[in-house]
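Chains as they are written, first to last, in the working numbering: chain W, 8 to 203; chain H, 8 to 203. A virtual CB, placed ideally from N, CA and C, is assigned to each residue, including glycine. All values derive from a computational prediction rather than experimental measurement.
Below is the structure:
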């Protein structure tokens, strides 16, 4: 039954990609070999190629899947009928949850995308810039509607995205507050300063 | 005159370290060779050794000089008679200025310190942890004095330090706001949300 075979392959492929994300995050994409990955997965290097073609393909998968998630979420929120502050909060909460629950892949997409090959590299850069511009547009809209202080929108976007990447330290810290507390605290610290 | 000779050596050494910081930031410490550095400085690799002993020594110099700057600043502020909010603002402004004016070295100290060798690595880790704890203590003091909202202090520290590292994007952006505007915007966004 081809359908089931595809499904099984696909879940094994996902398993391999998950292990790759872990290694790419820990060692960096450039320093991770297919041999390292085979060892992490617990198979011979040759049998990895049943599931994936190359390291480059795995990185593409990780980067574009993450981009899709974030863009899809942004689209839903852009069109919702709430204030700019509420939009920013909802987007930030989504980013925070991704960094909490889907940490390895999100970090790899954020840090290792420069290792993508063409045409993926240029495409990812364009998407990344567009995403940041759309976040800035929500802030611009908020400033115009007097919901947000007259700050520089690109600076606010940089601060928010970099603050979220700080969740890396939260993952490493020994005495963690809960994920919910982390999320609520980040929203207070990052969003309350924007409100008029 | 030995005094002058020492001075000239020292400024040449500084020049080499500045070039090394640039390379370490761009390529990472691990991927930078002494040959790359010699090329960047514009001398033969052999003559680099008149000024520095090893790549490791350069990284130590960069990391500990940056740590000293930040710690010295923190000590001055901890003992000042101003509110916790004012202390946080002053510390953040110092971090922001370092990231604006002393970008290469600060980024290298922040990102590449894991490549330090012992005993420097353990020492740097301890200093880094202590620094973050002292920042958190200022926030704790502010919460106790009802100057700062009851947020989780380590989370606030993570957010502030990671937000500052976002100045990397500012350096790369084509249409930059001025350094003063950047600083003022970051303070509004990061500190206004903390105030009660």
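Span of the alpha helix (DSSP H), counted from its first residue to its last, around residue 58 of chain H: What you label residue 58 of chain H is simply residue 51 of the second chain in a count that begins at 1. Careful: residue 58 of chain H lies outside any alpha helix (DSSP H) and carries neither H nor E.
Reduced DSSP secondary structure (H/G/I, E/B, other) of residue 115 of chain H: Counting from one through the second chain, the residue named residue 115 of chain H turns up at place 108. In this structure, residue 115 of chain H counts as helix in the three-state DSSP scheme.
Contacts that residue 188 of chain W makes with chain H (C-beta to C-beta distance below 7 Å): The count along the first chain starts at 1 and reaches residue 188 of chain W at position 181. Simply 159.
Alpha-carbon to alpha-carbon, residue 47 of chain H and residue 111 of chain H: The residue you call residue 111 of chain H lines up with position 104 of the second chain. The residue you call residue 47 of chain H lines up with position 40 of the second chain. Cα to Cα, the separation comes out at about 15 Å.
Residues from the stretch 191 to 203 of chain W in contact with chain H, defined by Cβ distance under 7 Å: 192, 193, 195, 196, 197, 198, 199, 200, 201
Contact list for residue 156 of chain W against chain H, beta-carbon separation under 8 Å: The residue given as residue 156 of chain W occupies position 149 in the first chain. Neighbours of residue 156 of chain W on chain H, chain order: 195, 199.
Top-ranked residue by Cα proximity to residue 21 of chain H, from H/57, H/39, H/197, H/43: Here residue 21 of chain H refers to the residue found at position 14 of the second chain. Out of H/57, H/39, H/197, H/43, H/57 has the C-alpha closest to the C-alpha of residue 21 of chain H.
Distance CB(residue 189 of chain H)-CB(residue 170 of chain H) smaller than 8 Å: Within the second chain, the letter at position 182 stands for residue 189 of chain H. Within the second chain, the letter at position 163 stands for residue 170 of chain H. Against a cut-off of 8 Å, the Cβ pair of residue 170 of chain H and residue 189 of chain H comes out as no contact.
Contacting positions in the stretch 118 to 145 of chain W - beta carbon closer than 8 Å to chain H: none
Extent of the continuous alpha helix (DSSP H) run through residue 121 of chain H: As a first step, residue 121 of chain H is located in the second chain; it is residue number 114 there, counting from the start. Segment: none, residue 121 of chain H is in no alpha helix (DSSP H) and carries neither H nor E.
Spatial distance of residue 155 of chain H from residue 186 of chain H (CA atoms): Locating residue 155 of chain H in the second chain gives position 148, where the first residue counts as 1. Locating residue 186 of chain H in the second chain gives position 179, where the first residue counts as 1. C-alpha separation (whole angstroms): 27 Å.
Closer than 8 Å to chain W by CB, residue 103 of chain H: As a working mapping, residue 103 of chain H is identified with position 96 in the second chain. No, no contact with chain W.
Residue 134 of chain W beta carbon less than 8 Å from that of residue 74 of chain W: Along the first chain, read from residue 1 onward, the residue named residue 74 of chain W stands at position 67. Along the first chain, read from residue 1 onward, the residue named residue 134 of chain W stands at position 127. For residue 74 of chain W and residue 134 of chain W, yes; Cβs fall inside 8 Å.
C-beta contact flag for residue 122 of chain H and residue 37 of chain H at 8 Å: Locating residue 122 of chain H in the second chain gives position 115, where the first residue counts as 1. Locating residue 37 of chain H in the second chain gives position 30, where the first residue counts as 1. Result yes, Cβ atoms of residue 122 of chain H and residue 37 of chain H sit closer than 8 Å.
Test item: CB-CB of residue 30 of chain H and residue 41 of chain H under 8 Å: Residue numbering aside, residue 30 of chain H sits at position 23 when the second chain is read from its first letter. Residue numbering aside, residue 41 of chain H sits at position 34 when the second chain is read from its first letter. Result no, Cβ atoms of residue 30 of chain H and residue 41 of chain H do not sit closer than 8 Å.
Chain W contact residues for residue 170 of chain H, given Cβ-Cβ distances below 7 Å: For the purposes of this step, residue 170 of chain H is taken as the residue at position 163 of the second chain. Near residue 170 of chain H (Cβ distances below 7 Å), the residues of chain W are 166, 169, 170.
Beta carbon of residue 136 of chain W nearer than 8 Å to that of residue 164 of chain W: Reading the first chain from its first residue, position 129 is the one you call residue 136 of chain W. Reading the first chain from its first residue, position 157 is the one you call residue 164 of chain W. No.
Cutoff 8 Å; reference residue 81 of chain H; Cβ partners in own chain excluding five residues on either side: Here residue 81 of chain H corresponds to residue number 74 of the second chain, with the count starting at 1. Only 98, 138, 141, 142 meet the Cβ criterion.
Closer than 8 Å to chain H by CB, residue 163 of chain W: As a position in the first chain, residue 163 of chain W is number 156, starting the count at 1. Answer yes: the Cβ-Cβ gap between residue 163 of chain W and chain H drops below 8 Å somewhere.
Nearest residue (CA-CA) to residue 104 of chain H, options H/71, H/149, H/168, H/180: The residue given as residue 104 of chain H occupies position 97 in the second chain. It is H/168.
Best match in W/43, W/35, W/49 for proximity to residue 19 of chain W [C-alpha to C-alpha]: As a working mapping, residue 19 of chain W is identified with position 12 in the first chain. The shortest Cα separation from residue 19 of chain W among W/43, W/35, W/49 belongs to W/49.
Complete runs of the beta strand (DSSP E) confined to the stretch 35 to 98 of chain W [at least 3 residues]: none
Residues of its chain near residue 131 of chain W, where Cβ-Cβ distance is below 6 Å and the 5 sequence neighbours each way are ignored: Indexing the first chain from 1 puts residue 131 of chain W at position 124. Excluding sequence neighbours, residue 131 of chain W sits near 70, 120, 123.
Segment limits, alpha helix (DSSP H) that includes residue 187 of chain W: The count along the first chain starts at 1 and reaches residue 187 of chain W at position 180. Counting along the chain, the alpha helix (DSSP H) containing residue 187 of chain W begins and ends at 186 to 198.
C-beta atoms of residue 159 of chain W and residue 108 of chain H nearer than 8 Å: Here residue 159 of chain W refers to the residue found at position 152 of the first chain. Here residue 108 of chain H refers to the residue found at position 101 of the second chain. Taking 8 Å as the Cβ cut-off, residue 159 of chain W and residue 108 of chain H do not qualify as a contacting pair.
CB of residue 96 of chain W within 8 Å of CB of residue 194 of chain W, strictly: Here residue 96 of chain W is taken as the residue at index 89 of the first chain, counted from 1. Here residue 194 of chain W is taken as the residue at index 187 of the first chain, counted from 1. It is a contact, given that the beta carbons lie within the stated cut-off.
Proximity of residue 201 of chain H and residue 24 of chain H at Cβ, strictly below 8 Å: Taking the second chain and counting its residues from 1, one reaches residue 201 of chain H at position 194. Taking the second chain and counting its residues from 1, one reaches residue 24 of chain H at position 17. Going by C-beta atoms, residue 201 of chain H is not nearer than 8 Å to residue 24 of chain H.
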